[in-house]
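If you count by our numbering, then the sequence shown holds residues 5 to 233, one letter each, in order. Beta carbons: idealized from backbone N, C-alpha and C, even for Gly. It should be emphasised that the depicted structure is a prediction, and the values quoted were computed from it without experimental measurement.
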Amino acid sequence: MVIVGGGCVGAGILYGLAKRGWTDVALLERTQLTAGSTWHAAGLIPSYARNINVGRMINKTIEIYEGLEAETGQPVGWHKCGQLRIANSRDRLDEFKSYMSVAEVQGMRAQLLTPDEARKLWPLLDNKEMLGALYHPDDGHIAPADVTHAMAKGARDLGAKVYLNTEVTGFSRTPGGEWLVRTNQGDITCEHVICATGNYARQTGALLGLDIPAIPILHQYWITEAVPE
5 MVIVGGGCVG AGILYGLAKR GWTDVALLER TQLTAGSTWH AAGLIPSYAR NINVGRMINK
65 TIEIYEGLEA ETGQPVGWHK CGQLRIANSR DRLDEFKSYM SVAEVQGMRA QLLTPDEARK
125 LWPLLDNKEM LGALYHPDDG HIAPADVTHA MAKGARDLGA KVYLNTEVTG FSRTPGGEWL
185 VRTNQGDITC EHVICATGNY ARQTGALLGL DIPAIPILHQ YWITEAVPE
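Below, the structure is given as structure tokens:
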């Protein structure tokens, strides 16, 4: 199996497969790990999910991140700091109220707060229109680049391979139904190909004759110094 893309998603797939015994797997990265969108990702790990299956995925993700550093010896920058979601409208507050039963089924710790309770939790909050808030005490953030390197190391320790400076230039099918992956470092034959190229998904898809309607979207976030309690 070949995974194309050395960001957090590609490394996560490689790590997950290796943990399940799929060690005959190679990850191909055209430059260096995390060189795409991973290096500037915010790294937020929110628990809020109204879909039960998505909630289970989030729980599993947190479980993996909490144990990854001890397993690999690589730091992942995991900080469990909690997260507040603010309701400035009645509809948003009703959404939070209905979510509480979903959170219980998912096994998520969540609290519905009054405005005064939210301000006690975060005294710098200055929002006169707030009707309430949803608090997840187990939410946090990671360092995406560190997580990527940790998962890549964990996968390599289990026998998987990572090839850097290896750019995929084309795909074709062999008469036996396998994939021939062409790269600037030579060709690789495999049974399955997984494309995890993120912002470059459209370019990767074009190599397969696919028009993938994916484009990067500009976004912003603030990083502050630690605020004393």
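For Tyr-103, the closest of Gly-59, Leu-135, Asp-120, Asp-142 by C-alpha to C-alpha distance is Gly-59. Every unbroken stretch of the alpha helix (DSSP H) spanning 4 or more residues and falling wholly within the stretch 111 to 152 is given here in chain order: 119 to 125. In the three-state reduction of the DSSP assignment, Leu-211 falls in the helix class. In the displayed model, Ser-105 falls within a helix according to three-state DSSP. Excluding sequence positions up to five before and after Leu-212, its CB lies within less than 7 Å of the CB of Phe-175, all in the same chain and listed in chain order. The C-alpha of Arg-96 is placed about 16 Å away from the C-alpha of Ser-105.
Here the alpha carbons of Leu-128 and Gln-87 stand approximately 14 Å from one another. Taking C-beta atoms as the reference points, Tyr-204 and Val-151 fail to come closer than 8 Å. The stretch 182 to 189 and the stretch 47 to 63 do not touch, with fewer than three beta-carbon pairs separated by less than 8 Å. Excluding five sequence positions before and after Arg-123, the CB atoms of its chain that fall closer than 8 Å to its own CB belong to Leu-129, given in chain order. Between Trp-43 and Ala-164, the gap from beta carbon to beta carbon reaches 8 Å or more. Burial state of Gly-190 is exposed, judged by a 10 Å Cβ sphere holding fewer than 16 other Cβ atoms.
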